[in-house]
Structure formats: C-alpha cells, structure tokens
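Read the structure below first, then the notes.
Number of protein chains: 2
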Amino acid sequence: MASTEDTIAVRISKELADRIISGAIEPGSRLRQDHVAEEFNTSHVPVREAFRRLEAQGLAISEPRRGVRVAAFDLGEVREVAEMRAALEVLALRHAAPHLTASILDQAEEATKAGDKSRDVRSWEEANRTFHRLILAPCNMPRLLSTIDDLHAASARFLFAAWRSEWEIRTDQDHRAILSALRQGNVESAAATLGRHVQWIGQKPVKTASGRTRDAFAIVG
Amino acid sequence: MASTEDTIAVRISKELADRIISGAIEPGSRLRQDHVAEEFNTSHVPVREAFRRLEAQGLAISEPRRGVRVAAFDLGEVREVAEMRAALEVLALRHAAPHLTASILDQAEEATKAGDKSRDVRSWEEANRTFHRLILAPCNMPRLLSTIDDLHAASARFLFAAWRSEWEIRTDQDHRAILSALRQGNVESAAATLGRHVQWIGQKPVKTASGRTRDAFAIVG
DNA sequence: AACGCAAAAATTATCTATAATTTCAAGCCA
DNA sequence: TGGCTTGAAATTATAGATAATTTTTGCGTT
Numbered sequence: 001m002a003s004t005e006d007t008i009a010v011r012i013s014k015e016l017a018d019r020i021i022s023g024a025i026e027p028g029s030r031l032r033q034d035h036v037a038e039e040f041n042t043s044h045v046p047v048r049e050a051f052r053r054l055e056a057q058g059l060a061i062s063e064p065r066r067g068v069r070v071a072a073f074d075l076g077e078v079r080e081v082a083e084m085r086a087a088l089e090v091l092a093l094r095h096a097a098p099h100l101t102a103s104i105l106d107q108a109e110e111a112t113k114a115g116d117k118s119r120d121v122r123s124w125e126e127a128n129r130t131f132h133r134l135i136l137a138p139c140n141m142p143r144l145l146s147t148i149d150d151l152h153a154a155s156a157r158f159l160f161a162a163w164r165s166e167w168e169i170r171t172d173q174d175h176r177a178i179l180s181a182l183r184q185g186n187v188e189s190a191a192a193t194l195g196r197h198v199q200w201i202g203q204k205p206v207k208t209a210s211g212r213t214r215d216a217f218a219i220v221g
Numbered sequence: 222m223a224s225t226e227d228t229i230a231v232r233i234s235k236e237l238a239d240r241i242i243s244g245a246i247e248p249g250s251r252l253r254q255d256h257v258a259e260e261f262n263t264s265h266v267p268v269r270e271a272f273r274r275l276e277a278q279g280l281a282i283s284e285p286r287r288g289v290r291v292a293a294f295d296l297g298e299v300r301e302v303a304e305m306r307a308a309l310e311v312l313a314l315r316h317a318a319p320h321l322t323a324s325i326l327d328q329a330e331e332a333t334k335a336g337d338k339s340r341d342v343r344s345w346e347e348a349n350r351t352f353h354r355l356i357l358a359p360c361n362m363p364r365l366l367s368t369i370d371d372l373h374a375a376s377a378r379f380l381f382a383a384w385r386s387e388w389e390i391r392t393d394q395d396h397r398a399i400l401s402a403l404r405q406g407n408v409e410s411a412a413a414t415l416g417r418h419v420q421w422i423g424q425k426p427v428k429t430a431s432g433r434t435r436d437a438f439a440i441v442g
C-alpha cells in the first residue's frame with residue numbers, strides 16, 4: 001500500500017471510511033475537523049477535503065456551518081443499496097463475461113472457498129468482495145466499477161452493524177451456481193442468479209443499547 | 222435559488238460544473254486553484270473543496286501534486302453512462318410507478334412538449350432532464366436519484382460537445398410511449414421503452430479544430 | 001423543577017502565509 | 001540539431017491565524 005503516494009486528505013478519508021464501515025464510529029456521531037486534524041497531526045484543510053470524499057461515498061453527511069456527521073441508515077437504505085447493486089452488478093457481469101478467463105474463474109472459486117471457511121464477518125466480507133470484484137472487473141467500465149465499489153462499502157457497513165461479533169459458517173451456493181453457469185457460457189443464467197443473490201437481505205435479532213432486541217438487516221451477498 | 226445558503230465551495234463547484242457541462246471549459250484543460258480562487262474572490266481553500274466535489278461527479282480528475290483537469294471522455298464512456306442510466310432509470314421507474322399521479326404525468330407531458338419545441342440543445346436538454354426527473358423522483362430512493370443526476374450531467378456534457386450549435390427539432394415518440402404505458406398502468410412496457418430510450422446514442426459529424434470532420438456521439442434521451 | 005435567555009466555549013468556514021513539488025524554458029554539451 | 005541539465009516561475013499542498021456561526025452552559029425567573 002503506497003500510502004506515501006497519497007495526499008494526506010486521501011489517507012485520512014481512507015482511515016475514516018474504514019472506521020465508519022467497521023462501525024468503530026457510530027452512525028449519526030459528529031466528525032469534528034479539529035479533533036481529526038489533531039489525531040492525524042495535520043491542519044484541518046486536508047481533513048475538510050477528506051470529509052468531502054466521505055460525503056461523495058455516502059458515508060458522511062455535511063450540513064453547512066453545522067458540521068459533518070456519520071451517515072445514518074435504515075432498512076430502506078439497505079434495500080436501496082441492494083437493488084442498485086443488483087442492477088449494476090448484473091450490467092457489469094454481462095460486459096465482463098466475454099473477457100472472463102479460466103484463471104479468473106479459478107481465483108473466484110478460491111475466494112468463495114475462503115468465504116465459506118471464514119469464522120468472522122470481516123474475513124467473510126473481504127472474501128465476498130474479492131469474488132464480486134474478480135468476476136466484474138473485466139467489464140472495463142471504470143465509472144460503473146467505482147460506483148459498485150461505493151455500494152459495496154455501504155453493504156459492508158450494514159453487515160458489520162448487524163453481525164458485529166457472531167458469525168456462522170455457511171457455504172455460498174449462489175457463488176458456485178454463478179461460476180458454474182459462467183463456465184458453461186450461460187451468461188444469462190449467471191446474471192439472473194447474481195441479481196437475486198445481491199438482493200437477498202439477511203435478518204438477525206440484535207440487542208439494542210437499551211437491552212431490548214430488534215431485527216437488524218443486511219445484504220449478505 | 223438560495224445560493225447564499227450554500228457554502229462558497231458549493232457555489233464554486235456548481236458554477237464550474239456548469240461550465241464543464243456546457244463545454245465552456247475544454248476536456249483535459251487544467252483547473253488552477255489560484256486562478257479560480259482569484260476569479261471568485263476567495264482563497265484557494267474552498268476551491269480545493271469544490272474540486273473534490275467535481276471529482277466525485279466524474280467531471281474532473283485530480284492527480285496528486287499535479288493538479289486537477291477537466292475529465293476527458295470518449296465513445297466508450299458515452300456508452301458506459303448510457304448503460305448505467307438504462308439500468309438505474311429502469312429500476313427507479315419500477316419503484317416510482319406506484320406513486321405516480323395524473324398530475325405528475327401531465328407535467329411530464331408538458332416537459333415533453335417543451336422538448337419538442339426546443340430550438341437549441343440547451344433548452345432541449347433541460348426539458349428532457351425535467352421529464353426524466355418527474356417520472357423517477359417518486360421512487361423515493363435518494364441515493365439512486367443522486368447517482369442518476371450525476372449520470373445526467375455526464376450525458377448533457379456529451380450532448381453539448383456534439384451539438385454545440387445546430388439542433389434540429391424532433392418529436393420525442395419514446396417519451397409519449399412511456400407516458401401512455403404509465404397511464405395504462407403498464408409499468409413493464411414503460412420500463413422497457415425507457416431502458417431502450419436512454420441507450421439510444423445519436424451520432425453527428427462535427428468539425429475538429431484541425432478542420433477535419435469526425436463523428437461525435439451523445440446520449441439523446 | 002422547568003423554561004428561557006445570555007454569555008462563554010467550541011466549532012466551522014475562510015483567509016493569509018509558507019513549504020514542497022512540478023512545469024517550463026534557457027543554456028549547455030554531444 | 002537534438003537531448004539533457006539546471007534554475008526560475010508557477011502551482012499544489014499544508015500550516016497557522018482570524019472571523020463568523022453554532023452549541024453548550026449557567027443563571028435567573030416563573
């Protein structure tokens with residue numbers, strides 16, 4: 001990671017994005033530029049630029065003169081992101097399919113196996129993201145891919161919010177079905193499965209701060 | 222337009238976005254922060270934030286320590302934006318359809334008529350954008366709508382680059398077909414037409430700086 | 001105790017100044 | 001002539017300082 005290449009603003013935005021996604025900073029909490037600046041030993045100018053980047057990714061919300069806060073989210077937004085991912089990943093897959101090689105599909109299968117073996121959410125999420133990236137990247141549509149990346153970041157955030165600690169091992173049949181369809185050159189079937197796959201919304205009871213339990217939702221694909 | 226409400230950075234980014242979209246600033250040309258700052262009578266700090274916003278919209282590209290330049294584009298990107306718009310606008314329409322009222326559809330029809338009467342690209346583009354916004358906004362998916370907005374900005378840029386001056390009047394049958402399908406409650410048909418509609422890429426010979434002619438491409442829907 | 005007002009503190013937004021890097025052009029050498 | 005070096009000018013990136021706004025706190029009143 002050539003982080004020395006990056007500008008300070010980029011470094012800060014990446015670090016903050018990580019914390020927001022992982023849940024280390026709570027939704028709705030304020031991001032204070034001077035505090036962040038002090039933590040990273042910089043002035044607040046790069047911090048403000050980092051805030052603009054987070055805003056663009058949908059991870060933070062800025063109100064003029066009233067500061068920046070970590071974006072909140074609800075079931076509606078989980079659904080929205082799921083549907084956007086379905087639409088865009090299907091589009092990307094259709095364009096990527098002609099350029100997929102056996103080697104790429106093998107790597108994607110490895111990623112699936114890694115996901116199935118994962119004993120915690122974080123490593124499952126990473127493997128899952130790798131799978132999707134591998135089969136979509138050959139579409140060669142940079143704007144589409146970067147939009148999908150932002151949606152994956154949002155997905156991961158929802159996921160970590162719901163499955164903070166416990167995670168049960170599960171084998172991903174969808175990934176396998178997608179790979180098998182692609183290997184047979186059946187792009188339509190692969191696309192259809194992918195579209196259904198990323199719209200599957202998992203549900204899980206979680207304890208709230210007040211001790212009560214409610215259902216949390218997240219995209220699990 | 223309560224531009225006094227906006228922060229200086231937002232005002233600058235809006236103005237620069239306008240110029241980039243209209244073609245007043247050429248693709249590839251550098252945006253120099255001190256020059257922009259001087260023009261807007263500010264320091265360069267808000268200018269830098271404006272640059273980050275333009276970057277997020279895909280209108281500018283920033284290379285660390287080497288400055289920001291207006292994003293270039295080619296036929297591939299025109300196609301990419303067209304396909305993303307098709308996928309996302311269809312999604313938005315499906316969700317908006319149940320909330321569409323007769324009044325909204327009437328307004329959309331007015332927008333279509335305004336487009337048909339337009340004698341220049343700029344007013345046609347505005348009417349077209351109004352039409353799409355009207356029928357999609359009720360989907361109530363803010364993230365989706367803002368992504369679509371950015372894609373419309375890109376579309377407009379391609380359009381203005383191709384049809385800088387001449388524009389021929391044309392009646393938009395697609396818009397009418399979409400409205401009629403929606404009035405009959407036939408969402409699937411409306412969505413299918415919309416998907417085809419925004420992927421239609423117009424082609425037009427334009428004179429290059431060197432006096433030669435080449436084909437320019439743009440999304441015309 | 002609850003409410004509202006006012007002063008103090010904190011915070012954001014912007015400006016000015018400085019350091020670091022890149023660009024560009026003139027001069028030099030092969 | 002052509003490519004390379006070098007230094008000046010331009011430009012970006014960051015720091016430090018200031019003005020303006022918002023939030024918090026504390027006090028007095030009901």
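Order-wise, the sequence lines are chains B and A. Counting from 1, one number per residue, gives the positions in the first sequence under the numbering used here. Counting from 222, one number per residue, gives the positions in the second sequence under the numbering used here. Glycine residues also receive a C-beta, built at the ideal position from the N, C-alpha and C atoms.
To the nearest angstrom, how far is it from the Cα of residue i to the Cα of residue j?
| i | j | result |
| --- | --- | --- |
| A:Arg417 | A:Ala307 | 7 Å |
| A:Asp371 | B:Ile25 | 28 Å |
| A:Ala303 | B:Gly76 | 27 Å |
| B:Arg133 | B:Val187 | 17 Å |
| A:Arg385 | B:Thr7 | 37 Å |
| B:Ser62 | B:Arg53 | 11 Å |
| B:Arg65 | B:Gly58 | 19 Å |
| B:Asp120 | A:Arg343 | 53 Å |
| B:Arg157 | A:Asp295 | 34 Å |
| B:Ala223 | B:Ser118 | Residue 223 of chain B cannot be examined here, being either before or after the span of chain B that is shown, 1 to 221. |
| B:Gly28 | B:Glu55 | 13 Å |
| B:Ile222 | B:Ala114 | Only positions 1 to 221 of chain B appear in this structure, which leaves residue 222 of chain B out of reach. |
| A:Ser243 | A:Ser264 | 25 Å |
| A:Ser224 | B:Arg94 | Any reading at A:Ser224 needs caution, since the residue's pLDDT is 47, under 50, leaving its predicted position unreliable; the model's value is listed next. C-alpha separation (whole angstroms): 43 Å. |
| A:Thr322 | A:Asn361 | 14 Å |
| B:Trp124 | A:Ile369 | 31 Å |
| A:Trp388 | A:Ile422 | 15 Å |
| B:Gly221 | A:Gln424 | 40 Å |
| A:Arg397 | A:Asp436 | 29 Å |
| A:Met305 | B:Phe131 | 22 Å |
| A:Glu236 | A:Ser376 | 18 Å |
Quick one: which chain B residues come within Cβ less than 8 Å of residue i?
| i | result |
| --- | --- |
| A:Thr414 | None at all; the shortest Cβ gap to chain B is about 17 Å. |
| A:Pro285 | Glu5, Asp6, Thr7 and Val10 |
| A:Glu270 | Arg48, Glu49 and Arg52 |
At a CB-CB cut-off below 7 Å, which residues of chain B make contact with residue i?
| i | result |
| --- | --- |
| A:Glu301 | Met141, Arg143 and Leu144 |
Output yes if chain B places a C-beta closer than 9 Å to the C-beta of residue i; else output no.
| i | result |
| --- | --- |
| A:Glu409 | no |
| A:His353 | no |
| A:Glu298 | yes |
| A:His320 | no |
| A:Glu331 | no |
| A:His316 | yes |
Taking a contact to mean a Cβ-Cβ separation below 9 Å, would you say residue i touches residue j in this structure?
| i | j | result |
| --- | --- | --- |
| A:Ile356 | A:Leu312 | no |
| A:Ala374 | A:Ala238 | yes |
| B:Ala162 | B:Val206 | yes |
| A:Leu291 | A:Ile241 | The amino acid at residue 291 of chain A is misidentified as Leu; the sequence shows Val. For A:Val291 and A:Ile241, yes; Cβs fall inside 9 Å. |
| B:Leu159 | B:Ala96 | no |
| B:Leu88 | B:Leu179 | no |
| B:Ala37 | B:Pro46 | yes |
| B:Val10 | B:Gln33 | no |
| B:Asp116 | B:Asp172 | yes |
| A:Arg269 | B:Glu49 | yes |
| B:Pro142 | A:Glu301 | yes |
Any beta carbon from chain A within less than 9 Å of residue i's own beta carbon?
| i | result |
| --- | --- |
| B:Thr147 | yes |
| B:Gly58 | yes |
| B:Val45 | yes |
| B:Glu55 | yes |
| B:Ile219 | no |
Please list the partners that residue i has in chain A, where partner means a Cβ-to-Cβ separation under 7 Å.
| i | result |
| --- | --- |
| B:Ala87 | Ala308, Leu309 and Leu312 |
| B:Glu15 | Residues of chain A passing the Cβ test: none, with the nearest at roughly 17 Å. |
| B:Glu83 | Leu312 |
Quick one: which unbroken alpha helix (DSSP H) runs of 4-plus residues sit fully inside the stretch 186–221 of chain B? Chain order, please. If we require 4 residues or more, the alpha helix (DSSP H) runs fully inside the stretch 186–221 of chain B come out as 187–197.
In chain order, which continuous runs of the alpha helix (DSSP H) of length 4 or greater are located wholly inside the stretch 367–406 of chain A? DSSP runs (the alpha helix (DSSP H)) wholly in the stretch 367–406 of chain A: 394–404.
With a floor of 4 residues, list each alpha helix (DSSP H) that falls wholly inside the stretch 235–316 of chain A, ordered by position along the chain. Listed in chain order, the complete alpha helix (DSSP H) runs (minimum 4 residues) inside the stretch 235–316 of chain A are 254–260 and 265–278.
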